[in-house]
Structures are given as structure tokens and as C-alpha cells.
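Reading through the C-alpha cells given below for one structure.
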Amino acid sequence: MDVLQLVALVAGSAAVAGLARRTPVPAPLLLVAAGLAASYIPGVPDYTLDPHIVLPLLLPPLLYTAAVDSSYLDLRANIRPIAMLSVGYVLFATVVVGYAAYLLVPGLSLPVALVLGAVIAPPDAVAATAIARKLRLPNRLTTILQGESLVNDATAITAYKVALAAAVGVSAGWAGGIAEFLLASVGGVGVGLLLMVPIHQLRKRMKEPLLQNTLSLLIPFVAYAAAERVHASGVLAVVVVALYLGHRNWQVDFATRLQEEAVWKMVAFILESVVFALIGLQLAVVLTGLGEYRGVDAAWYAIAVFLVVVVARFVWVFPATFVPRGLSRRIREREPETDWKSPVIVGWAGMRGVVSLAIAFSVPISVPHRNLILFLTFTTVIGTLVVQGLTLPPLIKALKLPPRDVQGETLAEAQAQSEASRAAEERLAELLEEPENSTLPPPLADRLRTVLERRRNAVWERLGEVNPLTGESADDIYRRLAGEMIEAEREVFVALRDGRRIDDEMLRVLLRRLDLEEAAAYREAT
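Under our numbering, residues -3 to 522 are what the sequence shown spells out, in order.
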């Protein structure tokens, strides 16, 4: 792939993802569809997924940004259902899908079939996070799906390595497989635990935002590479480090946090867009190598494996949801009550993605039926993304899941802000009594109190009445008027620069000051 092809891939993916924001269709689905369509256009190059690029270069930053934005406390509170899905389900799916393929495809050995099962087993981290975010699922369901997708890749990659060793005749048996699984899991967590505190301390001591963000971009690759170097799970190492850093992100300098959020949003947007476009673009590559499996037999195998994948998830999810609750009073006391609707959503949200395809492309050419593994992986990924991805929104609407309590969340935010404001007022009063602060002019002290009061009232105003003419709250009107005032100032500064009364360097200083004021007045709608 040359530079022009790479630029075309990134630019085209970003354009389609931007278009998706104007439609009700989740971006992953539109990107996959665009990739499939582009694969039929003459002259479009073959963007073959290289596992040596996808796994060490694309997967770590995508996992990192998803884990940093996750809640460590929520994940810990839901550790049982997450573990049941990320470990138990992946191993179950590996065996069930593998054995079904073994029975279905003539001449397919059981070890090779288990390789296919391990490749297809893990739902995709990026797809789950992107679609859950788009659909605004209830918090607990979103946490469970995100938690599953953060860990299941490690389970699947380890299961794949064990099955592949058996397929090529170098298996060490069950004992060796269990030992490798323990090394990968325990080792990956251990590497993450060793790295997370030193990295966090380094982040706290670095005061230059540019250096901080350079370090931030390197962290997922360092964690992944360090774990893989000792044959542990790089996925788990990245997740552990990211969860710790995200949980303690408040201890980092504010300028770093603001810049880091913008940087990672851009990185995640580009990588997610490219990843899903690449999935669709694999069609030409996969069909070229299909060989003797073209025709009705290949289609039948694809449909059958897809159905087994879908059914197997429900077969696991329902017992895993209700059986432990029935057997353990402690689980019933610790976890909220649930009904049949939640496991239906979790069962139907098992979209596969780029990790499965990357693992499939890493299968050695010497493995029998490699082309069939590639084909069935591709069709399963496309099938789950399109069929389940398109039907998940209407399914959620039909089940009438309880919506998020936006009013309650706003009330909790307002109460938290009030408590923080009281603490700030008390601290300001203490500081103003100290001799070294006595020279502060009263208008500036009043301004500190006004800003604090504005911050406290802003949340409560969202709970109040709206303007009958515009539908805006008092907070919305304040932000709009502040924006108009700032824009008026900005136009004057530009006119002064154009009139040569100030130079460009001064203009940049003045505009940056206005940008910070506007950022303080405007909050991102979420």
C-alpha cells in the first residue's frame, strides 16, 4: 500500500463516517457497506488486512481509548457477568462453532475447526462500543458489553494459539493449553499492574501538555509490546493500564486533559473509520483466495456458521444470566434485578469485527482449509454487523427498555456541583483572609464569586422551564448570548489585524483567549 492509497483510505473512511452522523444508521454499518461497494469498483487496490499491522498497531490504541473512557467502578461492580461473557462465552463459542464446522464441512479436521471457532468467537470491541454509544443503552448493559469487548480478545487470541498448535501438530495437550492460557491472562494483568503506577507518576510530573500527549499516544503500544515480549496478553496489559489511568485522570494537569481528550477523539475517529472500511474492502481479497469452495456449498457453510454463532450466544447468555442468580443469594443481593429483555439485547449485540479478520489472516498458509476459514470469518463478520447491527435499534425500541433517567442524572450533577461550590466558597473565604492575598482588588474577588455562582446555577437551570419561543433553557440562552458577544470581539480583532493595527502574533494570542472563554461558556452536548 503506497502513500496515496493510504491517504485515500483514511480520507474516504472519514468522509463516510462524517456522513453517517447525519443519518440514523450507525457509522460502523455505513462504513462496512461503503467498503463492500468500493471493493467492486475497478481500480480500487486490494487493502489486505495484515495481522502484523492490525493487532500491534490498530488494536492497542482502540482498546486504550475504550478502556480510558470506561468506568473502573462500574466494571468492578459487574465483574461476574463480564467474566462470564469475556472468558466463559468465548471458550464456549470456540468449542460450539468449531464442532459445528467439523460436522458441517467434509474433510475439515477438529483442530482446524477449533481454529475457526476461536477466530470467530470474540465480539468486537469497536463495534460494541460504537453501537452502544449510538443507541444510548441503559448504563449497566453498556458497561457489560464494553467490559466484555475489552477482555474477550485476549481469551480468543489465546484459544486460537492453542487450537493452531494442535492443527499444525505441535500441541502440548490440555495441560499445555491451560498453562498457556494462564500465562497469557495472569502475565498480561501482571505487566499492566507493573506499568500502570510508574506511567501515572510520570504523567503527573510532566507539566508540558505536548510531552504529556506524546507519552499518552505511546502508552498503549508500550504496554502491548511489553506484554507480548514475555508471551503474555498485550490486550489485557493495555486494558489494565488504561483503566488505572482513566480512573486517576483527575490528577493530571487540566491543560493536558483538555488536549488529550481532543487528540484521542481524533485518533479514535480515524482508526474506527478505517477499521470498518477495511472490513468491507476485504471482499475482493477473500473471494480471490476461496478456490474450490465457491458456489452453493460455500454459501451454505456461511449461513450455517452464522446461525450457529448467533444461536450459541443466546444459549450461553440466558443460563449465564439466570442460573447464578438462582443458585446464589449473594449474587441476588449484590446485582440489580433483571428480566428477560436484558439478555435478549446482550445476546443480539454480539457483532464480530476486525480482530476476528486479523486473526484469520494470521493463520499460516500451511494450515489446511485456510481459505475457507478466511471466507467463513468474513461472512460471519459481515453478517453480524449488518443483520444484528441494523436490527438492534428497532429491537431495543420494541422491547421498550427503561430509558436513561436524564432528569435524575441532571439532579445528581446539580447536587454534586452544589457541594463542590460550597467547598470552593469556603476555601476562597480562607484565602482572602491571608495577608499575601489582601492586595486582590474587591472587583476581582467578586468576579471569582460570580464565576462560581454561574457554575453552580448552570446545572440547576437545565432542570427549570424552557423558553416557549425557542425551546432553550436559561443555560442555553446564556451560552448563545456569550457566543454572540465573543464572535463580535473576534471580528473586531480580525479587522484590527487586517488594518495592520495589530500583528498576527498578537491576533493569535487574543483569539486563543477568546477560544478559552468560549470553551468555558459552551459544554459539549452529550
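Glycine included, each C-beta is placed from N, C-alpha and C at the ideal position.
- request: Just confirm the distance between the C-beta atoms of Ala155 and Val187, as a whole number of angstroms; I'd bet it's less than 8 Å.
  value: With 8 Å as the limit, Ala155 and Val187 do not qualify as a contact, their Cβ atoms being about 20 Å apart.
field: Closest Cα partner of Gly242 within the set Pro315, Ala308 and Leu59
entry: Ranking Pro315, Ala308 and Leu59 by Cα distance to Gly242 puts Leu59 first.
query: Near Leu110, which residues of its chain fall below 6 Å by C-beta distance, leaving aside the five closest residues on each side in sequence?
result: Gly94 and Ala159
field: Beta-carbon separation (whole angstroms), Gly276 vs Ala13, contact threshold 8 Å
entry: Contact doesn't hold; Cβ gap of about 13 Å is too wide.
field: Leu391 versus Val307: straight-line alpha-carbon distance, rounded
entry: 17 Å
message: With a threshold of 7 Å on Cβ separation, who are the neighbours of Tyr98 within its own chain once the five nearest residues in sequence on each side are excluded?
response: Leu104, Leu106 and Ala109
task: Count the other CB atoms, across all protein chains shown, that sit within 10 Å of the CB of Val447; report buried if there are 16 or more and exposed otherwise.
output: exposed
message: Just verifying my parser: in three-state terms, what is the DSSP assignment at Asp249?
response: coil
message: Looking at Ala345: is its Cβ nearer than 9 Å to the Cβ of Leu141?
response: If you check the CB distance, Ala345 and Leu141 come in under 9 Å.
message: Looking at the secondary structure, which residues open and close the alpha helix (DSSP H) in which Ile378 lies?
response: In the DSSP annotation of this structure, the continuous segment of the alpha helix (DSSP H) that includes Ile378 starts and ends at Arg366 to Gly379.
message: Is the beta carbon of Arg445 closer than 9 Å to that of Ser414?
response: no
field: Continuous beta strand (DSSP E) assignments of at least 3 residues falling wholly in the region 322 to 349
entry: none
- prompt: Helix, strand or coil: how does DSSP classify Ile299 here?
  reply: In this structure, Ile299 counts as helix in the three-state DSSP scheme.
message: Once DSSP output is grouped into helix, strand and coil, what is the label at Ile37?
response: DSSP places Ile37 in coil when its eight states are reduced to three.
query: Helix, strand or coil: how does DSSP classify Glu520 here?
result: Model confidence at Glu520 stands at a pLDDT of 43, short of 50, so the residue's coordinates are unreliable; what they give is reported in the following sentence. The answer is coil: DSSP assigns Glu520 none of H, G, I, E or B.
- request: My understanding is that Val226 touches Gly183, with C-beta atoms under 8 Å, so please give their C-beta distance in whole angstroms.
  value: 6 Å
- prompt: Any idea what DSSP makes of Asn309, helix, strand or coil?
  reply: Asn is not the amino acid found at residue 309; the sequence shown has Arg there. DSSP places Arg309 in helix when its eight states are reduced to three.
- prompt: When burial is assigned at 16 or more other CB atoms within 10 Å of the CB, is Trp312 buried or exposed?
  reply: buried
field: Reference Val101, options Glu429, Leu436 and His365, closest by Cα
entry: The option with the nearest alpha carbon to Val101 is His365.
- request: Run the proximity test for Gly165: is its beta-carbon closer than 8 Å to any non-hydrogen atom belonging to the ligand GDP?
  value: Here there are no bound small molecules, and the ligand GDP is not part of this structure.
query: Just how far apart, CA to CA, sit Leu178 and Ala233?
result: Taking the straight line joining both Cα atoms gives about 14 Å.
- prompt: Comparing the C-beta of Val93 with each C-beta of chain D, is any distance below 9 Å?
  reply: Judged by its chain identifiers, the structure shown contains no chain D, having just a single protein chain.
message: Beta-carbon within less than 7 Å of Glu513's beta-carbon, same chain only, minus the 5 sequence neighbours each way: which residues are those?
response: Ile482
task: Could you spell out the range, first to last residue, of the alpha helix (DSSP H) harbouring Gln142?
output: Asn135 to Ala163
field: Whether Ala294 touches Leu368 by CB criterion (9 Å)
entry: yes
- request: Could you tell me the boundaries of the alpha helix (DSSP H) in which Tyr68 lies?
  value: Tyr68 to Ala73
message: Among the candidates Glu405, Met347, Ile355 and Leu388, whose CA atom is the shortest distance from the CA of Leu381?
response: Met347
task: Below 6 Å CB to CB, which residues in the same chain sit around Ser66 once its five sequence neighbours on both sides are set aside?
output: Gln142
field: Whether Asn148 touches Ala117 by CB criterion (9 Å)
entry: Contact: yes.
message: What does the alpha-carbon distance come out to for the pair Ile78 and Ile341?
response: 15 Å
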